[in-house]
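In what follows, a structure is listed as structure tokens, so that the remarks can point back to it.
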Amino acid sequence: MASAFARRFQLIVDQLAQGNKKQFAEQTGKSASHIYKICRGASRPSMAYLESLYEEFKVDLNWLLTGEQSEGSQPTGSAPDKELVYAPMFDVQASAGFGSAVLAEDISDYFAFTRTFLSRQLGVSGESLAFVSIRGDSMLPTLQDSDQVLVDTTRKTVQHEGLYLIHTEDGLMAKRLKPGKEEVKVISDNPEYPGWAISGLDHETNQVVGKIVWCARSM
């Protein structure tokens, strides 16, 4: 059975990363296995790590260590509002296959990130981010069906090879794009799916929506 400390630590993970231990590990600079051990009560974090949680996320260390909340402290595991960026989850799916029609663009949820994490870990500002879900298997093993990807919609020019969302005549698709001298190659990481090239006027019917910078996956 997890210790009282482990249960309180899990509450912090729940509040800062919606319970996603891998995401919390990335946010706080630790390995996912170390976070899992702490939450199970099999390991204890160092004081240096706890101090970093206080400095970056204002975690009440007195509450975490003793269970008693400090007078005047912020809610457990909260970060100042000015440090948070809320990325919307759109009610659309990007096909990792032959195309998925965009039927709706309503916002179904929001994901909160700290500006520090976005800047240090992902190299993005956080002003124009969006989440969409992946459907299909053409990008295996890189992207799996039901993955949720974070897209930087300011990066619509393909300067380097990477994963992008593109809007084609068949709908919204997640693909690997590789720039060349006169065309951009559209690649499926799953070799069973064919690729193609975007050149000239094709850019009008194959618009780059943004660059995929992060992926969330249920374990």
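One point on numbering: in UniProt numbering, the residue at position 219 of the sequence shown is 219, and numbering is uninterrupted. Just so it is clear, CB atoms sit at the ideal spot from N, CA and C, and this is done for glycine as well. Predicted model only: the values in this text are computed from it and were never measured.
With 16 other Cβ atoms within 10 Å as the buried cut-off, status of residue i
| i | result |
| --- | --- |
| residue 28 | buried |
| residue 220 | Since the displayed the chain opens at 1 and closes at 219, residue 220 lies outside it and no answer follows. |
| residue 155 | buried |
| residue 211 | buried |
| residue 10 | buried |
| residue 107 | exposed |
| residue 168 | buried |
| residue 120 | exposed |
| residue 103 | For residue 103, the predicted model reports a pLDDT of 38, less than 50, meaning its position is unreliable and no value from the coordinates is stated. |
| residue 164 | buried |
| residue 181 | exposed |
| residue 207 | exposed |
| residue 199 | exposed |
| residue 95 | buried |
| residue 116 | exposed |
| residue 12 | buried |
| residue 159 | exposed |
When the options are compared against residue i, the one with the closest alpha-carbon
| i | options | result |
| --- | --- | --- |
| residue 147 | 139, 37, 153 | 139 |
| residue 161 | 144, 3, 213 | 213 |
| residue 84 | 66, 6, 58, 182 | 58 |
| residue 137 | 127, 159, 188 | 188 |
| residue 68 | 47, 135, 8, 217 | 8 |
| residue 134 | 124, 171, 46, 34 | 171 |
| residue 66 | 204, 6, 145, 151 | 6 |
| residue 93 | 149, 111, 24, 49 | 149 |
| residue 87 | 184, 64, 113 | 113 |
Beta-bridge pairing of residue i - partner residues as DSSP gives them
| i | result |
| --- | --- |
| residue 220 | A question about residue 220 goes unanswered here, because the residues of the chain that appear run from 1 up to 219. |
| residue 208 | 166 |
| residue 188 | According to DSSP, residue 188 bridges with nothing at all. |
| residue 146 | Partner(s): none; residue 146 has no beta bridge. |
| residue 178 | 185 |
| residue 12 | Paired residues: none, contrary to the question. |
| residue 225 | This structure cannot settle anything about residue 225, because the visible part of the chain is limited to 1 through 219. |
Next item on the list: Could you tell me whether the segment 189-208 touches the segment 162-178, using the rule of 3 or more Cβ pairs below 8 Å?
Entry: Enough Cβ pairs lie closer than 8 Å, so yes.
Checklist line | Whole alpha helix (DSSP H) elements within the segment 148-176, 4-residue minimum | finding: Secondary structure within the segment 148-176: not one fully enclosed alpha helix (DSSP H) run of 4 or more consecutive residues is present.
Notebook entry, point to check: Whole beta strand (DSSP E) runs in the UniProt domain "HTH cro/C1-type" (22-64) with 3 or more residues, listed along the chain?
Noted result: With a minimum length of 3 residues, no continuous beta strand (DSSP E) run stays inside the UniProt domain "HTH cro/C1-type" (22-64).
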